[in-house]
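The working numbering numbers the first residue of the sequence shown as 10 and each following residue consecutively.
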Amino acid sequence: MRHRFHAICPYFAMFPESFVEKHLAASKYEGVVFDPFCGRGTTIFESLLRGRAAAGCDINAVAICITGAKCDPPTAGEVLTRLDELEREFVGSSPSEPMTEDMEEFFGLCFHADTYDQVRYLRQQLMWQTNKVDRFIAALCLGALHGESHRSPNYFSNRMPRTISTKPAYSVRWWRSGGYVPPYRDTFGILRGLVAYRYRTPPPQQRGVIVLTDARFAAKHFTDMNGKVTDVITSPPYLDTTNYREDQWLRLWFLGGEATSNYRRADARHYNKEFYWRFLEEAWSGIAPLVANKARFVVRIGGRRLEKAEALSSLCNTLTSGLGRAVRPADNGVTSSVKSSQANSFRGAKASPTVEHDFCFIVS
Ligand SMILES: C[S@@+](CC[C@H](N)C(=O)[O-])C[C@H]1O[C@@H](n2cnc3c(N)ncnc32)[C@H](O)[C@@H]1O
């Protein structure tokens, strides 16, 4: 059975666990598995399930909350006890903040007023950065925060895609034009149901190490892993595609961020090839101290303007200079078309790459 932690929360551009499974099986190494762009943690979690030590980082708080919850979870009993405590305190409390806040219209249409009180209470109470029980509950909340609530009783919001948070003005127009009203949802009841469902598959014995950081500075957070990483299985942000913060703005708000989707695309490195390759070179350099004498790097990469030959040679060059080691491709790579996803259909075909390339490199 598929482990029920895998899908705790959707994440844009995630790869399937079968991809990780295939590459772990193909590796002859047994050291630490590392993912510097871990997203929702597929590499790390699947490696732990297979008895491998695993670690990784990401720059996005949503990614770190989900991955941390999956890869270093509390027991189900601890989660249920904390939910009881939170609910008791909520029932005895007055609303945690005044109802007026930025984007009042958006929030008033997104959540039923009573559900919104609970959501804001949980947002304020959950110490997800420092407490792993709270982090697990926060990750469950992220997965339930928005979605197709007309199809499932487990989403807190008015109907919305579950993969990305649509922009406030667009959402308001759409809800108004369709006459969609937010359903009442008891978040505590939903969360208890999700705990029962998710823990039906037991968590892995091994625990992963997950850090919120830019990959370019990763090594200093994992010094006890210096020279121990034998397998990197990763997927960097694709050239010229998504902005992970903008796409996850409502989940970032839940984790304590501003009530805004206005994450500007000021950073050209994901949209300009020269900056993009330089960024990847810096990222490989940022993890270089962790890499063992012999290691295997698997990289899934994509972009609307990224041909396979160029991707292979540029990746090989950036790995060679970033790691400061000899790097050779294990094969010519595999190109596949990107499945149409819910996020793609919302954004229109132009926003997403049509193909992805998978490459494997041997580092010595
Ligand atoms: C293609 S996604 C990875 C998805 C992942 N393989 C999964 O299965 O969920 C790329 C990730 O890189 C992260 N990212 C972007 N810039 C970063 C940086 N400078 N350092 C670390 N992570 C970064 C994004 O937040 C995003 O989660």
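Even for Gly, the Cβ is constructed at its ideal location relative to N, Cα and C.
All of these numbers come straight from a predicted model, not from anything done at the bench.
Same chain, Cβ closer than 6 Å to residue i, neighbours up to 5 away in sequence not counted
| i | result |
| --- | --- |
| His32 | Ile242 and Val307 |
| Trp184 | Leu118 and Asn167 |
| Gly312 | Tyr247, Leu248, Asp249 and Pro362 |
| Arg214 | Sequence check: residue 214 is Gln here, not Arg. Contacts found: none. |
| Arg171 | Pro19 and Gly156 |
| Pro212 | Pro82 |
| Pro298 | Ala228 and Asn235 |
| His230 | Val220 and Thr222 |
| Asp195 | none |
| Trp258 | Ser174 and Ser270 |
Backbone CA spacing between residue i and residue j [nearest angstrom]
| i | j | result |
| --- | --- | --- |
| Pro19 | Asn167 | 17 Å |
| Ile17 | Ala301 | 32 Å |
| Gln138 | Leu315 | 36 Å |
| Phe21 | Leu321 | 23 Å |
| Leu248 | Tyr285 | 7 Å |
| Val364 | Pro25 | 15 Å |
| Lys303 | Ile173 | 38 Å |
| Phe263 | Ser270 | 12 Å |
| Ala34 | Arg59 | 10 Å |
| Ile68 | Ala224 | 7 Å |
| Ser346 | Leu95 | 45 Å |
| Arg254 | Tyr272 | 7 Å |
| Gln351 | Arg209 | Reliability of the predicted coordinates at Gln351 is poor, the pLDDT of 42 falling under 50, and no value is obtained from them. |
| Ser180 | Glu114 | 10 Å |
| Asn341 | Ser323 | 13 Å |
| Met169 | Ala153 | 11 Å |
| Thr84 | Tyr189 | 38 Å |
| Arg102 | Leu131 | First, the residue type needs correcting, since residue 102 is Ser and not Arg in the sequence shown. C-alpha separation (whole angstroms): 12 Å. |
| Glu290 | Ser330 | 7 Å |
| His159 | Phe165 | 11 Å |
| Gly86 | Val204 | 9 Å |
| Ala63 | Lys141 | 18 Å |
| Pro162 | Asp126 | 18 Å |
| Ala292 | Lys282 | 15 Å |
| Asp367 | Ile310 | 6 Å |
| Val100 | Thr344 | 54 Å |
Residue-level contact to chain C via CB, residue i, 8 Å cutoff
| i | result |
| --- | --- |
| Ile17 | Given the protein chain composition of this structure (a single chain), no chain C is represented. |
Those residues which DSSP pairs with residue i across a bridge
| i | result |
| --- | --- |
| Glu365 | Gly311 and Ser345 |
| Thr243 | Val308 |
| Asp44 | Gly65 |
| Phe226 | Answer is none; Phe226 lacks a bridge partner. |
| Leu221 | Asp67 |
| Arg337 | Ile371 |
| Val238 | Val41 and Val300 |
| Leu248 | Gly312 |
Cut-off 7 Å between Cβ atoms - residues of its own chain near residue i, not counting five sequence neighbours on either side
| i | result |
| --- | --- |
| Ala227 | Pro45, Cys66, Gly295 and Ile296 |
| Ile73 | Asp67, Ile219 and Leu221 |
| Phe370 | Phe306, Cys325, Leu328, Val336, Arg337, Pro338 and Ala339 |
| Leu135 | Asp143, Ile146 and Ala147 |
| Arg201 | Leu89 and Leu92 |
| Tyr206 | Arg13 |
| Arg260 | Val71, Leu151, Leu154 and Ser174 |
| Ala78 | Ile17, Arg144, Phe145 and Ala148 |
Nonlocal neighbours in the same chain, by C-beta distance under 8 Å from residue i, ignoring five residues either side
| i | result |
| --- | --- |
| Ser27 | none |
| Val372 | Val300, Lys303, Ala304, Arg305, Phe306, Leu328, Leu332, Arg334, Ala335 and Val336 |
| Tyr193 | His121, Asp123 and Thr124 |
| Thr76 | Cys47, Gly48, Arg49, Gly50, Ile53, Phe54, Gly65, Asp67, Gly217 and Ile219 |
| Glu30 | Glu55 and Arg59 |
| Ser36 | Thr239, Asp240 and Arg305 |
Heavy atom of ligand 3 within 7 Å of residue i beta-carbon
| i | result |
| --- | --- |
| Glu291 | What this structure holds is ligand 1, not ligand 3. |
### Task
Taking 5 Å as the limit, tell me which residues put their C-beta closer than that to any heavy atom of ligand 1, in chain order.
The set of residues with CB atoms less than 5 Å from any heavy atom of ligand 1 reads, in chain order, Tyr20, Ala22, Met23, Phe24, Phe46, Gly48, Arg49, Thr51, Asp67, Ile68, Asn69, Ala72, Asp223, Ala224, Ser244, Pro246 and Tyr253.
### Query
Residue ranges of each beta strand (DSSP E) run of no fewer than 3 residues wholly in the segment 121-178, ordered along the chain?
Listed in chain order, there is nothing to give.
### Task
May I have a chain-ordered list of the beta strand (DSSP E) segments no shorter than 3 residues that lie completely inside the segment 12-38?
With a minimum length of 3 residues, no continuous beta strand (DSSP E) run stays inside the segment 12-38.
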